[in-house]
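So the sequences go chain by chain: R and L.
For what it's worth, UniProt numbering labels the leading residue of the first sequence as 1, then goes sequentially.
For what it's worth, UniProt numbering labels the leading residue of the second sequence as 1, then goes sequentially.
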Amino acid sequence: MIWDWAFAFEILPVLGRAAIVTIEATLLGFIIAALLGLVLAVVRIAVPWTGWTISVLVELIRSTPLLIQIFFLYFVLPKFGVVLDAFTAGVLAIGIHYAAYCSEVYRAGFDNIHRGQWEAAIALNLSSWTTFKDIIIPQAIPPIVPALGNYLVALFKETPLLSAIAVLELMQTAKIIGSETFRYTEPITLVGLFFLAMSLVSAALIRSLEGVLNRRTMR
Amino acid sequence: MTEQPMVRFENVSKRYGALTVLDGLDLEIKRGEKVSVIGPSGSGKTTVLRMLMTLETINDGVIWVEGEPLTHMHRNGKLVPADINHIRKIRAKIGMVFQSFNLFPHMTAMANCIEAPITVLGMKRADAEARAADLLEMVGLGQKKGHYPSQLSGGQQQRVAIARALAMRPKIMLFDEVTSALDPELVGEVLEVIRKLGREHDLTMLMVTHQMGFAKEFSDRVCFFHAGKICEQGPPKELFGAPKNERTQQFLRAVLEAG
Numbered sequence: 001m002i003w004d005w006a007f008a009f010e011i012l013p014v015l016g017r018a019a020i021v022t023i024e025a026t027l028l029g030f031i032i033a034a035l036l037g038l039v040l041a042v043v044r045i046a047v048p049w050t051g052w053t054i055s056v057l058v059e060l061i062r063s064t065p066l067l068i069q070i071f072f073l074y075f076v077l078p079k080f081g082v083v084l085d086a087f088t089a090g091v092l093a094i095g096i097h098y099a100a101y102c103s104e105v106y107r108a109g110f111d112n113i114h115r116g117q118w119e120a121a122i123a124l125n126l127s128s129w130t131t132f133k134d135i136i137i138p139q140a141i142p143p144i145v146p147a148l149g150n151y152l153v154a155l156f157k158e159t160p161l162l163s164a165i166a167v168l169e170l171m172q173t174a175k176i177i178g179s180e181t182f183r184y185t186e187p188i189t190l191v192g193l194f195f196l197a198m199s200l201v202s203a204a205l206i207r208s209l210e211g212v213l214n215r216r217t218m219r
Numbered sequence: 001m002t003e004q005p006m007v008r009f010e011n012v013s014k015r016y017g018a019l020t021v022l023d024g025l026d027l028e029i030k031r032g033e034k035v036s037v038i039g040p041s042g043s044g045k046t047t048v049l050r051m052l053m054t055l056e057t058i059n060d061g062v063i064w065v066e067g068e069p070l071t072h073m074h075r076n077g078k079l080v081p082a083d084i085n086h087i088r089k090i091r092a093k094i095g096m097v098f099q100s101f102n103l104f105p106h107m108t109a110m111a112n113c114i115e116a117p118i119t120v121l122g123m124k125r126a127d128a129e130a131r132a133a134d135l136l137e138m139v140g141l142g143q144k145k146g147h148y149p150s151q152l153s154g155g156q157q158q159r160v161a162i163a164r165a166l167a168m169r170p171k172i173m174l175f176d177e178v179t180s181a182l183d184p185e186l187v188g189e190v191l192e193v194i195r196k197l198g199r200e201h202d203l204t205m206l207m208v209t210h211q212m213g214f215a216k217e218f219s220d221r222v223c224f225f226h227a228g229k230i231c232e233q234g235p236p237k238e239l240f241g242a243p244k245n246e247r248t249q250q251f252l253r254a255v256l257e258a259g
């Protein structure tokens, strides 16, 4: 038999610790992506002359592989005096990469806000900060939660790329177990199952969040 | 010395590319005056309101509010285009009600009415709520404070929008075809609120309207716009009773026929 239950149970605790690193990287990466993406989208509207620069930046990030960006932050930035540890560099790269995607999602959300909402905000003399914070963002976010959620799951599934710069997340840990014991079947399968389970759970969570948000805005 | 006009358009032009929407507009509105703007669509009448609310920039001229420039500011003895701080200071005197209401759909009627007083005027929540409650009462919606716009009829939404604009204590109120999006049976309740405002408040009002009957009865002066210019203006009795300009006559005839 190629599947050894005893071995699988033996490596579970190690993989469990690595899973925590994966989840940390996912959450931190997504927080960066969601916030930076929002900042990019807001700045593009609030400061019109930045539009072109931000478009180029977003296109540049979306059109190059994430792996290259990870390598860039980890191996190239130190040449300019910026030394980041592997986890930080990896999380930053993932966050920035997905921020580019998220900013487009936010932009679509903002585009969907009726022009009259902006005009009412002007007529009430609201500052641009208040307009975004109280009027535009609360209306723009609920419809784009599913799209943002998809990027959360996509980002999560890309965290194994961090193994390329030796972050001890799930994939890297599985590879180490494999190379030390010459048994790849159990660690790789368990890692795959973990990703499957987590993806399904997150998808379900996003769906219920979507439901809550829809109920609130349909009032 | 005569009193400063509340609003003065001085040779104001608005162009979209090759299209001239307003051509050298000169218009003065006195404090407390109620002015109706009528005219065919595309005549630039809504643009007048939108420029005054700073929703549109202007290409030429200066708009003055109580003797201060709105679109410009004084710097080294010259008039230069206004920055956002100056614009916000002057436009605080102006409120606007829109054809499509433009209430904030994620906020209750009450929240719609206290948002700007709290964030812009810095009012305490309790004070803002008390004032908003009075205003909602005044527009006949005292019982609907906790309702969301989607739970209100068009006429009710528009009355909330009027209360929301009044909560900022404007000196000038702009009404942009405020009954055009309403079912006929809801027009009356909104006009009644505007009448009441006219009676009880010393507001300067400028309204674009298709309700000729209301313009006739309510306004001190009616301006007929055609092709980006004021074609004819005067007291409603004269303009509706004995229009001098041929275009005004044509327009009024067409409107009357349409019923």
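Glycine included, C-beta positions come from ideal geometry on N, C-alpha and C.
Under the Cβ criterion (8 Å, minimum of three pairs), the segment 179 to 196 of chain R does not count as touching the segment 48 to 57 of chain R. Residue L/K229 holds the alpha-carbon nearest to the alpha-carbon of L/G42 among L/D26, L/L256 and L/K229.
By the neighbour-count criterion, in which 16 or more other beta carbons inside 10 Å mark a residue as buried, L/T108 falls on the buried side. Inter-residue distance for L/H226 and L/R247 is about 8 Å (C-alpha atoms, whole angstroms). R/M171 and R/M198 have their C-alpha atoms roughly 15 Å apart.
For R/E119, the residues of chain L that pass the 9 Å Cβ criterion are R50, M53, L55, M96, F98 and N102, in the order they occur in the chain.
If you draw a straight line from the Cα of R/G109 to the Cα of R/A41, it is about 10 Å long.
Beta-bridge partners assigned by DSSP to L/V62: L/E10. L/R91 counts as buried, since no fewer than 16 other beta carbons sit within 10 angstroms of its beta carbon. Using a Cβ-Cβ cut-off of 9 Å, L/A92 is close to N125 of chain R, given in chain order. Each of R/P143, R/V82, R/V76 and R/K133 was checked against the Cα of R/N112, and the nearest Cα belongs to R/P143. In this structure, DSSP gives R/K157 a helical state, which the three-state scheme calls helix. For R/A6, the number of other beta carbons within 10 angstroms of its own is below 16, and it is reported as exposed. Contact note: L/V65 does not reach chain R at a C-beta cutoff of 9 Å; the least C-beta distance is about 13 Å.
Secondary structure note for L/F224: it is in no alpha helix (DSSP H), and the uninterrupted beta strand (DSSP E) holding it is R221 to H226. Burial is judged here by how many other beta carbons sit within 10 angstroms of a residue's own beta carbon; R/G29 has at least 16 and is buried. Fewer than three pairs of CB atoms, one per stretch, sit closer than 8 Å, so the segment 4 to 11 of chain L makes no contact with the segment 174 to 188 of chain L. Contacts between L/M168 and chain R, judged by CB atoms closer than 8 Å, involve L124 and N125 in chain order. From the beta-carbon of R/T130, the residues of chain L found nearer than 7 Å are T119. Annotation: the continuous alpha helix (DSSP H) that includes R/F30 extends over W5 to A46. Counted as a single uninterrupted DSSP element, the stretch harbouring L/R131 is not any beta strand (DSSP E) but the alpha helix (DSSP H) occupying residues R125 to M138.
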